[in-house]
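**Q** Handing you this structure, nothing more for now.
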Amino acid sequence: MMRNTPACFAEAFTRRRAAACAALVALTLPLLAQSAQPRPAAPVDLSGSWGYAVGNSFSPTGTAQDAGTPADGVPYQPWALALMKSRKTMTGPNATFNTRNSATLETTDTTDPLEQCTPNGIPRILTWPAKFKFLQAPDVVYILYEYGPYWRPVWMNRQHPPADELDSTFFGHAIGRYEGNDTFIVDTVGFNDKTWLDDVGRPHTDKLHLIERYRRVDQGRLEVTLTIDDPGAYTSTFTFGPRTVLARTTDFGAALWTCTIENNKEFFKDIAAPTLTAPAK
Amino acid sequence: MRTTAFLFMTVALGVLAPRAVSAHHGAAGYDSKNITVLKGTITEWIWRNPHSEVRFDVTDDKGEVRHWSVEAPPPTMLTERGWTKASLKVGETLTFQINAAMNGAPVGILRKVVLANGQDLWAYPPADLLLELTTGAKPNP
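Quick mapping for you: the protein sequence lines, in order, are chains A and B.
Positions 1 to 281 (this note's numbering) are the ones given, in order, by the first sequence.
Positions 1 to 141 (this note's numbering) are the ones given, in order, by the second sequence.
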C-alpha cells in the first residue's frame with residue numbers, strides 16, 4: 001500500500017527509479033532531522049497518474065447523443081439550452097466535421113473554442129484523453145494536466161477571496177479539503193464564461209460553482225464526480241458521475257499535448273481535406 | 001530506394017475510428033471497417049499535435065508511385081504505446097495497416113506498422129493491449 005509512504009518511493013517503484021529516490025532521501029534526511037516537526041502525510045494518497053477522459057458529456061443521465069433532450073437530465077434555463085443547440089459541436093447529436101475554408105484554412109463548421117486553442121478550463125479539461133496528476137503539499141495541491149500543459153493550484157485550509165477580489169479565469173479559484181481517508185474535494189468559483197462545460201457545448205456563466213470529488217477506490221482506480229451549480233445558466237444543481245479513471249503506469253508528461261492553430265490548419269490541409277472531396281469515379 | 005514491392009489488400013476487421021479522429025474531421029471520411037495494407041517507403045515522418053503524420057510512397061506492379069499521407073495519434077498517445085520520435089525513419093520500407101479514405105484519396109489513419117524485424121508497432125492497439133500498455137494490466141486468459 002502506498003499510503004503513508006514517501007511520495008518519492010511511491011513514484012520510484014512504479015518508475016524504477018529507486019536508486020535516484022534513495023539518493024534524494026539521503027540528501028533530505030539531515031534537513032528533516034533539523035526541522036521541529038516532520039510534515040504529516042496527506043490523509044488521502046492521490047499519487048500516480050490518472051487518465052484518461054472521465055467523459056465527454058457531463059449530464060446526469062444519457063449519452064452525448066442525448067444532449068439537449070429531456071433524457072440528459074440537465075435543468076437548462078431556456079437561453080442556455082438555446083445557446084447549446086446553436087453551437088456547432090464536433091460531439092453530440094448535431095456533430096459537424098471540422099471543415100475549414102480551403103483557402104484561409106479557418107474553421108467553417110465548428111464553433112468549438114478548442115479549435116482556436118482557447119484553454120478548455122475545468123471541468124472540460126477532464127474530457128481530454130490525456131493524463132492528470134496531483135502533487136500534494138500541506139497547504140496546496142497542484143493538479144497537473146498533460147493537455148496544455150495546464151496546471152492549477154487547489155488551496156488547502158483557505159476560503160475563497162471576497163467577490164470583489166475574485167478574478168474571472170478559465171480555471172477559477174480552487175480550494176480543497178480531504179474527506180475521510182479516501183476522498184479529495186475541490187471547490188472552485190471565479191470562472192469566466194469563455195469555455196464550454198463539455199464537448200457537447202453546454203454553456204456556463206461566471207456564476208459557475210464547481211465541486212469535484214476524487215475518491216481513491218484502490219491503488220489502481222480513482223472515482224470522479226462533478227457537481228455543477230450555475231444559477232446563471234441552470235435552474236438547479238446537477239451531478240455527473242461517479243466515473244472511474246485508471247492509474248496509468250506510463251511516465252506522466254513524457255509528451256505533452258500542446259495545441260497550436262497552425263498545426264490544426266496543417267493537419268486539415270494534409271489529411272482531413274482530401275477525405276472530404278467526392279469519391280473517385 | 002523509392003521503388004517498393006506493392007502490396008494492397010483489405011481485411012474486414014470492423015475497427016472503429018477513435019474519438020480523437022472524429023473530433024477533427026469526422027470518422028465518416030475513413031473506411032473504419034476495413035484494413036488496407038500498404039508496403040511503402042517513408043518520405044516524411046511528422047511527430048506533432050493534433051495528430052502525427054507519416055508520408056510514404058507505394059509503387060504498384062506497373063511501376064507507378066502513389067504518395068500516401070496517413071495520420072497517427074499525437075505524441076502523448078504514441079509515447080504511451082512504445083513509440084519515440086525515432087520509431088520511423090525516412091527511407092525505411094515498412095508495411096502499414098491503415099483505414100483508408102472512403103473516397104479513394106491516398107490518405108488514411110494508421111492502425112499499426114510492421115517493422116522490418118516483424119515486430120508490430122501499434123498506433124491504435126486493440127483495447128486489451130492498450131490497457132496492458134498503459135496500466136500494466138494483463139488481459140484475461
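No residue lacks a Cβ here, since even glycine has one placed at the ideal position from N, Cα and C.
Return no unless some Cβ of chain A is closer than 8 Å to the Cβ of B/Val107.
**A** yes
**Q** Relative to the alpha-carbon of B/Met77, which residue among B/Asn99, B/Glu92, B/Leu133 has its alpha-carbon at the smallest distance?
**A** B/Leu133
**Q** Give the interface partners of B/Arg48 over in chain A, defined as CB-CB distance under 7 Å, in chain order.
**A** At a beta-carbon threshold of 7 Å, the residues of chain A lying near B/Arg48 are Asn263, ordered along the chain.
**Q** So, is A/Ala233 buried or exposed, given that buried needs 16 or more other C-beta atoms within 10 angstroms?
**A** buried
**Q** Buried or exposed: A/Asp187, going by 16 or more other Cβ atoms within 10 Å of its Cβ?
**A** buried
**Q** Expressed to the nearest angstrom, what Euclidean distance is found between the alpha-carbon atoms of A/Ile261 and A/Pro119?
**A** Cα to Cα, the separation comes out at about 12 Å.
**Q** Since A/Phe171 and A/Gly121 are thought to touch, with beta carbons under 8 Å apart, how far apart are those beta carbons, to the nearest angstrom?
**A** 5 Å
**Q** Assign B/Gly63 to buried or exposed, taking buried as 16 or more other Cβ atoms, counted over all protein chains shown, within 10 Å of its Cβ.
**A** exposed
**Q** Looking at A/Tyr145: is its Cβ nearer than 8 Å to the Cβ of A/Ile125?
**A** yes
**Q** In whole angstroms, what is the alpha-carbon distance linking A/Gly92 and A/Asp66?
**A** About 7 Å.
**Q** Within 10 angstroms of its Cβ, does A/Asp164 collect 16 or more other Cβ (buried), or is it exposed?
**A** exposed
**Q** What residues from chain A crowd round B/Ser69, counting only those whose CB sits closer than 9 Å?
**A** Asp270, Ile271, Pro274
**Q** Have a look at the DSSP bridge pairing and note the partners of A/Thr169.
**A** Answer is A/Phe191.
**Q** Using a beta-carbon distance below 8 Å, is A/Glu146 in contact with chain B?
**A** yes
**Q** Counting only beta-carbon atoms, is B/Ala101 nearer than 8 Å to chain A?
**A** yes
**Q** At a Cβ threshold of 8 Å, is A/Trp196 touching chain B?
**A** no
**Q** Quick check: the Cα distance between A/Thr195 and A/Gln116, rounded to an integer number of angstroms?
**A** Cα to Cα, A/Thr195 sits roughly 12 Å from A/Gln116.
**Q** Between B/Gly29, B/Leu129, B/Tyr30, which lies nearest to B/Gly82 when the distance is taken from Cα to Cα?
**A** B/Leu129
**Q** In chain B, which residues lie with their C-beta within 8 Å of the C-beta of A/Thr277?
**A** Asn103, Ala105
**Q** Below 7 Å on C-beta distance, what does A/Arg202 contact in chain B?
**A** The premise fails here: A/Arg202 is roughly 17 Å from chain B at the closest Cβ pair, so nothing lies under 7 Å.
**Q** Looking at chain A, is there any beta carbon in it that lies within less than 8 Å of the beta carbon of B/Thr36?
**A** no
**Q** Using a threshold of 8 Å, state whether the C-beta atoms of B/Val70 and B/Asp57 are closer than that.
**A** no
**Q** Between which residues of its own chain and A/Lys73 is the CB-CB distance below 8 Å, once the five residues before and five after are set aside?
**A** The amino acid occupying residue 73 of chain A in the given sequence is Gly; Lys does not appear at that position. The answer, listed in chain order, is Ser59, Pro60, Thr61, Gly62, Phe238.
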